[in-house]
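Engineer:
Protein chains: 2
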Amino acid sequence: MRIINNPQDMQKFVKEQKRLGKTVGFVPTMGYLHQGHLSLVERAKRENDLVVVSIFVNPTQFGQGEDFDIYPRDFERDQKLLEGLDVDAIFYPAVEDIYPANYKTYVEVYDITEKLCGASRPGHFKGVTTIVTKLFNMVLPDRAYFGLKDAQQVLVIKQMVKDLNFPVEIVPCPIVREEDGLAMSSRNVNLNPDERKAALVLSQSLFAAQKLILEGERDGAKIKRFIEEKISKEPLAKIDYVKVVSGENLEEVEELKGEILIALAVKIGKVRLIDNIMVEV
Amino acid sequence: MRIINNPQDMQKFVKEQKRLGKTVGFVPTMGYLHQGHLSLVERAKRENDLVVVSIFVNPTQFGQGEDFDIYPRDFERDQKLLEGLDVDAIFYPAVEDIYPANYKTYVEVYDITEKLCGASRPGHFKGVTTIVTKLFNMVLPDRAYFGLKDAQQVLVIKQMVKDLNFPVEIVPCPIVREEDGLAMSSRNVNLNPDERKAALVLSQSLFAAQKLILEGERDGAKIKRFIEEKISKEPLAKIDYVKVVSGENLEEVEELKGEILIALAVKIGKVRLIDNIMVEV
Numbered sequence: 001m002r003i004i005n006n007p008q009d010m011q012k013f014v015k016e017q018k019r020l021g022k023t024v025g026f027v028p029t030m031g032y033l034h035q036g037h038l039s040l041v042e043r044a045k046r047e048n049d050l051v052v053v054s055i056f057v058n059p060t061q062f063g064q065g066e067d068f069d070i071y072p073r074d075f076e077r078d079q080k081l082l083e084g085l086d087v088d089a090i091f092y093p094a095v096e097d098i099y100p101a102n103y104k105t106y107v108e109v110y111d112i113t114e115k116l117c118g119a120s121r122p123g124h125f126k127g128v129t130t131i132v133t134k135l136f137n138m139v140l141p142d143r144a145y146f147g148l149k150d151a152q153q154v155l156v157i158k159q160m161v162k163d164l165n166f167p168v169e170i171v172p173c174p175i176v177r178e179e180d181g182l183a184m185s186s187r188n189v190n191l192n193p194d195e196r197k198a199a200l201v202l203s204q205s206l207f208a209a210q211k212l213i214l215e216g217e218r219d220g221a222k223i224k225r226f227i228e229e230k231i232s233k234e235p236l237a238k239i240d241y242v243k244v245v246s247g248e249n250l251e252e253v254e255e256l257k258g259e260i261l262i263a264l265a266v267k268i269g270k271v272r273l274i275d276n277i278m279v280e281v
Numbered sequence: 001m002r003i004i005n006n007p008q009d010m011q012k013f014v015k016e017q018k019r020l021g022k023t024v025g026f027v028p029t030m031g032y033l034h035q036g037h038l039s040l041v042e043r044a045k046r047e048n049d050l051v052v053v054s055i056f057v058n059p060t061q062f063g064q065g066e067d068f069d070i071y072p073r074d075f076e077r078d079q080k081l082l083e084g085l086d087v088d089a090i091f092y093p094a095v096e097d098i099y100p101a102n103y104k105t106y107v108e109v110y111d112i113t114e115k116l117c118g119a120s121r122p123g124h125f126k127g128v129t130t131i132v133t134k135l136f137n138m139v140l141p142d143r144a145y146f147g148l149k150d151a152q153q154v155l156v157i158k159q160m161v162k163d164l165n166f167p168v169e170i171v172p173c174p175i176v177r178e179e180d181g182l183a184m185s186s187r188n189v190n191l192n193p194d195e196r197k198a199a200l201v202l203s204q205s206l207f208a209a210q211k212l213i214l215e216g217e218r219d220g221a222k223i224k225r226f227i228e229e230k231i232s233k234e235p236l237a238k239i240d241y242v243k244v245v246s247g248e249n250l251e252e253v254e255e256l257k258g259e260i261l262i263a264l265a266v267k268i269g270k271v272r273l274i275d276n277i278m279v280e281v
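Residue numbers (the UniProt record's numbering), protein chains in the order written: chain A, 1 to 281; chain B, 1 to 281.
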């Protein structure tokens with residue numbers, strides 16, 4: 001397994017491999033890998049000749065006062081996990097090689113980035129679309145794998161790839177959960193034991209809402225209120241948002257119909273967690 | 001010579017060619033080709049196995065009240081000219097295939113896009129960087145050729161390519177001029193005979209300024225005033241801007257030193273023309 005730090009070396013390596021006719025699967029991550037990431041890697045391994053995983057905690061997608069500094073990092077641990085999956089290359093660049101002095105260019109998707117997490121974290125998706133553009137240009141993948149825990153991110157990336165004609169297939173992959181239902185997240189490590197227990201309120205309220213819909217509830221506002229009430233009973237939880245929206249355009253829906261995304265962001269202590277569930281009505 | 005209209009077909013064609021190991025040279029144009037464009041094509045032919053020329057009058061780089069509607073177009077004429085140069089493919093897409101309904105994504109270079117033409121034409125370079133990103137992703141060139149008549153555009157594209165890590169080499173090519181000195185431009189066809197004569201004031205004032213500098217003048221403000229005075233004597237000319245700037249970052253310079261760009265935009269009647277000259281001091 002190669003570890004590549006330099007953007008030019010990264011591009012050179014994949015260009016050579018592509019010249020040999022190999023297809024490239026790409027899993028962009030911020031590291032501190034969990035089973036969710038590894039499921040993306042395994043799928044990429046199955047579908048491509050070569051798999052590249054990037055590990056880069058991208059400063060431009062964190063806002064002022066967000067958790068960039070305390071975002072968990074452990075490269076050696078990540079490296080071992082990826083070695084175990086027989087990944088071909090880790091791309092592990094330094095911030096100053098990605099955003100050198102005199103950096104001036106950003107990619108921005110409008111409209112759908114202003115809702116949900118975009119409303120709570122202004123500039124977040126501009127950071128995401130910029131780094132993903134850069135990574136696509138450095139890794140030149142045929143397929144790129146993204147987890148559906150950040151459902152909005154998948155939608156934004158798909159919009160960007162379509163709009164800017166990137167020659168990349170976006171492969172969205174299902175959320176991976178702990179045994180008790182908590183969606184896997186690198187940020188979970190920042191929860192203390194009480195918070196870890198309290199964090200179950202995210203998945204449990206989503207599962208309960210799903211059940212209500214499957215039993216016939218079609219009123220989006222009722223579902224939203226139901227979740228909000230359930231979460232507000234947990235003293236360590238503070239709601240950022242709960243949204244019941246169309247899975248296509250993230251517009252709020254009154255009468256549930258078609259592909260419905262129920263998405264939420266909740267602060268458990270100081271840790272902001274997100275989770276969601278898709279329901280086909 | 002192929003004529004390709006569809007973005008997917010374009011991408012498919014070059015992907016096949018690249019799989020055969022061929023290098024791709026790309027000349028993006030808005031059509032109504034003149035000798036300036038053709039010099040880019042000739043250079044691209046010399047340096048690449050395959051040459052693609054795009055013809056697309058890009059609406060997003062024109063502002064309200066600008067000349068999008070009257071921008072000259074003549075596809076059959078362009079096609080013949082490119083056939084004569086043995087170009088491999090013309091990419092000639094429709095606006096609705098480039099900006100379909102629900103289009104939401106833009107690429108923006110900050111700072112250097114706010115000066116010179118960017119100050120007179122807000123949003124212009126955002127349209128340019130977005131379409132060039134899209135074209136790069138559709139045509140997947142190894143090298144792309146741009147004329148230095150729009151010196152700022154070359155600088156902006158180079159900044160974008162560096163910042164976003166595009167695997168493309170930008171090749172800037174010299175301005176091509178009519179015998180009397182007027183810089184070639186598709187827009188020249190919109191000048192009436194009197195205006196065509198008056199338009200010489202652009203190149204003539206630049207050449208005269210160059211001469212002053214070569215004779216020892218080092219005061220940027222004096223050079224600027226000299227050009228402004230010369231142009232203001234031409235009754236059909238109306239100055240948009242005259243700038244004496246660093247060729248690296250487009251900052252105005254007081255004492256001329258290093259690579260100096262003298263750039264101007266002048267309206268001759270209703271036709272806005274640009275021209276520039278680089279002087280190494």
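The C-beta atom is built at its ideal place from N, Cα and C for all residues, glycine as well.
#1: Run down chain B in chain order and give the residues with a C-beta less than 7 angstroms from the C-beta of Asp111 of chain A.
#2: Alpha carbon to alpha carbon, what distance is there between Glu76 of chain B and Met1 of chain B?
#3: Taking the alpha carbon of Val279 of chain B as the point to measure from, which residue in B:Ala209, B:Ala94 and B:Phe136 has its own alpha carbon closest?
#4: If we ignore side chains and look at the alpha-carbon of each, how far apart do Pro122 of chain B and Asp78 of chain A end up?
#5: Can you name the residues of chain B whose CB is closer than 8 angstroms to the CB of Phe13 of chain A?
#6: What separation, rounded to the nearest whole angstrom, lies between the Cα atoms of Thr60 of chain B and Gly127 of chain B?
#7: For Val244 of chain A versus Ile262 of chain A, is the C-beta distance shorter than 8 angstroms?
#8: For Pro28 of chain A, go through chain B and note every residue whose CB falls closer than 9 angstroms to its CB, in chain order.
#9: For the 8 angstroms Cβ check, are there 3 or more pairs between the segment 21–32 of chain A and the segment 102–122 of chain A?
#10: Determine whether the Cβ of Lys238 of chain A lies closer than 8 angstroms to any Cβ atom of chain B.
#11: So if I threshold CB-CB distances at 7 angstroms, which residues from the segment 138–165 of chain B count as touching chain A?
#12: Please name the residues in the segment 124–138 of chain A whose beta-carbon is closer than 9 angstroms to at least one beta-carbon of chain B, in chain order.
#13: Assign Asp180 of chain A to buried or exposed, taking buried as 16 or more other Cβ atoms, counted over all protein chains shown, within 10 Å of its Cβ.
#14: Please tell me whether Phe91 of chain B and Ser54 of chain B are closer than 8 angstroms, where the distance is taken between their beta carbons.
#15: Just to check, is the beta-carbon of Ala237 of chain A closer than 7 angstroms to a non-hydrogen atom of the ligand MG?
#16: Would you please state the rounded distance, in angstroms, between the beta carbons of Ile223 of chain B and Glu217 of chain B? I believe it to be under 8 angstroms.
#17: Are the beta-carbon atoms belonging to Ala144 of chain A and Val171 of chain A less than 8 angstroms from one another?
#18: Check the Cβ-Cβ distances between Glu108 of chain A and every residue of chain B, and say whether any is below 8 angstroms.
#19: Given this structure, state the Cα-to-Cα distance separating Leu264 of chain A from Lys238 of chain A, to the nearest angstrom.
#20: Which first and last residues belong to the alpha helix (DSSP H) in which Phe125 of chain B is found?
#21: Suppose contacts are defined by Cβ-Cβ distances below 8 angstroms. Is Pro174 of chain A in contact with Leu135 of chain A by that definition?
#22: Return the CA-CA distance between Ser205 of chain B and Arg177 of chain B, expressed in angstroms with no decimal places.
#23: What does a CB cutoff of less than 7 angstroms around Ala221 of chain A pick up in its chain, not counting 5 residues either side in sequence?
#24: Opposite Arg177 of chain B in the DSSP bridges: which residues?
#25: For Gly84 of chain B, count neighbouring C-beta atoms within 10 Å of its own C-beta (all shown protein chains included) and say buried if the count is 16 or more, exposed if not.
#26: Determine, using beta carbons only, whether Leu273 of chain B and Leu202 of chain B come nearer to each other than 8 angstroms.
#27: What number of angstroms, rounded off, separates the C-alpha of Phe68 of chain A from the C-alpha of Phe62 of chain A?
#28: Who are the Cβ neighbours of Glu234 of chain B in its own chain at under 6 angstroms, not counting the five residues just before and after it?
#29: Determine the extent of the alpha helix (DSSP H) in which Arg43 of chain B is found, giving its start and end residues.
#30: Would you mind sorting Val95 of chain A into buried or exposed? The rule is 16 or more other CB atoms within 10 Å of its CB.
#31: Is the beta carbon of Leu50 of chain B less than 8 angstroms from the beta carbon of Val24 of chain B?
#32: Gly25 of chain B touches chain A at which residues, Cβ-Cβ below 8 angstroms?
#33: Among the residues of its own chain, which have a CB less than 7 angstroms from the CB of Phe166 of chain B, if the five just before and after it don't count?
#34: Below 6 angstroms CB to CB, which residues in the same chain sit around Tyr106 of chain A once its five sequence neighbours on both sides are set aside?
#35: Look at the alpha carbon of Val168 of chain A and the alpha carbon of Leu82 of chain B, and state the distance between them as a whole number of angstroms.
#36: Give me the DSSP bridge partner(s) of Ile4 of chain B.
Structural biologist: Considering the structure as presented:
#1: For this step, residue 111 of chain A is matched to residue 111 along the first sequence. The contacting residues are Lys104.
#2: Position 1 of the second sequence, counting from 1, holds the residue named residue 1 of chain B. Position 76 of the second sequence, counting from 1, holds the residue named residue 76 of chain B. Taking the straight line joining both Cα atoms gives about 13 angstroms.
#3: Taking the first residue of the second sequence as 1, we reach residue 279 of chain B at position 279. The option with the nearest alpha carbon to Val279 of chain B is B:Ala209.
#4: Locating residue 122 of chain B in the second sequence gives position 122, where the first residue counts as 1. Locating residue 78 of chain A in the first sequence gives position 78, where the first residue counts as 1. Taking the straight line from one Cα to the other gives about 46 angstroms.
#5: On the first sequence, position 13 is the one that residue 13 of chain A refers to. The contacting residues do not exist; Phe13 of chain A stays about 12 angstroms from chain B at best.
#6: The residue given as residue 60 of chain B occupies position 60 in the second sequence. The residue given as residue 127 of chain B occupies position 127 in the second sequence. Going from the Cα of Thr60 of chain B to the Cα of Gly127 of chain B covers about 5 angstroms.
#7: Here the question's residue 244 of chain A lines up with position 244 in the first sequence. Here the question's residue 262 of chain A lines up with position 262 in the first sequence. In this structure, Ile262 of chain A lies closer than 8 angstroms to Val244 of chain A by Cβ.
#8: In the first sequence, the residue the question calls residue 28 of chain A occupies position 28. Residues of chain B passing the Cβ test: none, with the nearest at roughly 14 angstroms.
#9: no
#10: Residue mapping note: residue 238 of chain A aligns to position 238 of the first sequence, counting from 1. No, its Cβ sits nowhere closer than 8 angstroms to a Cβ of chain B.
#11: Met138, Leu140, Gln159, Met160, Asp163, Leu164 and Asn165
#12: Thr129, Thr130, Thr133, Lys134, Leu135, Phe136, Asn137 and Met138
#13: Translated into the one-based positions of the first sequence, residue 180 of chain A becomes position 180. It is exposed - the Cβ of Asp180 of chain A has fewer than 16 other Cβ atoms within 10 Å.
#14: Here residue 91 of chain B refers to the residue found at position 91 of the second sequence. Here residue 54 of chain B refers to the residue found at position 54 of the second sequence. Yes. Within cutoff.
#15: Looking for the ligand MG in the displayed structure turns up nothing, as the structure carries no ligands at all.
#16: Locating residue 223 of chain B in the second sequence gives position 223, counting from the first residue. Locating residue 217 of chain B in the second sequence gives position 217, counting from the first residue. Contact holds; Cβ gap of about 6 angstroms.
#17: Counted from its first residue, the first sequence places residue 144 of chain A at position 144. Counted from its first residue, the first sequence places residue 171 of chain A at position 171. Against a cut-off of 8 angstroms, the Cβ pair of Val171 of chain A and Ala144 of chain A comes out as a contact.
#18: To locate residue 108 of chain A, count along the first sequence from 1; it is residue 108. So yes, Glu108 of chain A belongs to the interface.
#19: Residue mapping note: residue 264 of chain A aligns to position 264 of the first sequence, counting from 1. Residue mapping note: residue 238 of chain A aligns to position 238 of the first sequence, counting from 1. Looking at the two C-alpha atoms, the distance is approximately 11 angstroms.
#20: Numbered from 1 along the second sequence, position 125 holds the residue referred to as residue 125 of chain B. Residues His124 to Val139.
#21: Along the first sequence, read from residue 1 onward, the residue named residue 174 of chain A stands at position 174. Along the first sequence, read from residue 1 onward, the residue named residue 135 of chain A stands at position 135. In this structure, Leu135 of chain A does not lie closer than 8 angstroms to Pro174 of chain A by Cβ.
#22: Numbered from 1 along the second sequence, position 205 holds the residue referred to as residue 205 of chain B. Numbered from 1 along the second sequence, position 177 holds the residue referred to as residue 177 of chain B. When rounded, the distance between both Cα atoms is 15 angstroms.
#23: Taking the first residue of the first sequence as position 1, residue 221 of chain A is located at position 221. Excluding positions up to five away in sequence, the list reads Glu254.
#24: One-based indexing of the second sequence puts residue 177 of chain B at position 177. Answer is B:Ala183.
#25: Taking the second sequence and counting its residues from 1, the one referred to as residue 84 of chain B is at position 84. It is exposed - the Cβ of Gly84 of chain B has fewer than 16 other Cβ atoms within 10 Å.
#26: Here residue 273 of chain B refers to the residue found at position 273 of the second sequence. Here residue 202 of chain B refers to the residue found at position 202 of the second sequence. For Leu273 of chain B and Leu202 of chain B, yes; Cβs fall inside 8 angstroms.
#27: For the purposes of this step, residue 68 of chain A is identified with residue 68 of the first sequence, where counting begins at 1. For the purposes of this step, residue 62 of chain A is identified with residue 62 of the first sequence, where counting begins at 1. Cα to Cα, the separation comes out at about 6 angstroms.
#28: The residue you call residue 234 of chain B lines up with position 234 of the second sequence. Here the set comprises Ala198 and Val201.
#29: Counting from one through the second sequence, the residue named residue 43 of chain B turns up at place 43. First-last of the alpha helix (DSSP H) with Arg43 of chain B: Gln35 to Glu47.
#30: For the purposes of this step, residue 95 of chain A is taken as residue 95 along the first sequence, with counting starting at 1. With fewer than 16 other Cβ atoms within 10 Å, it is exposed.
#31: The residue labelled residue 50 of chain B in the question sits at position 50 within the second sequence. The residue labelled residue 24 of chain B in the question sits at position 24 within the second sequence. Against a cut-off of 8 angstroms, the Cβ pair of Val24 of chain B and Leu50 of chain B comes out as a contact.
#32: Numbered from its first residue, the second sequence carries residue 25 of chain B at position 25. Within chain A, no residue comes near Gly25 of chain B; the closest Cβ sits about 17 angstroms away, beyond 8 angstroms.
#33: One-based indexing of the second sequence puts residue 166 of chain B at position 166. So the qualifying residues of the chain are Phe136.
#34: For the purposes of this step, residue 106 of chain A is taken as the residue at position 106 of the first sequence. Closer than 6 angstroms at Cβ, skipping near neighbours: Lys126 and Thr130.
#35: The residue you call residue 168 of chain A lines up with position 168 of the first sequence. The residue you call residue 82 of chain B lines up with position 82 of the second sequence. Roughly 31 angstroms separates the two Cα atoms.
#36: Along the second sequence, read from residue 1 onward, the residue named residue 4 of chain B stands at position 4. In the DSSP output, where bridge partners are listed per residue, Ile4 of chain B has B:Phe91.
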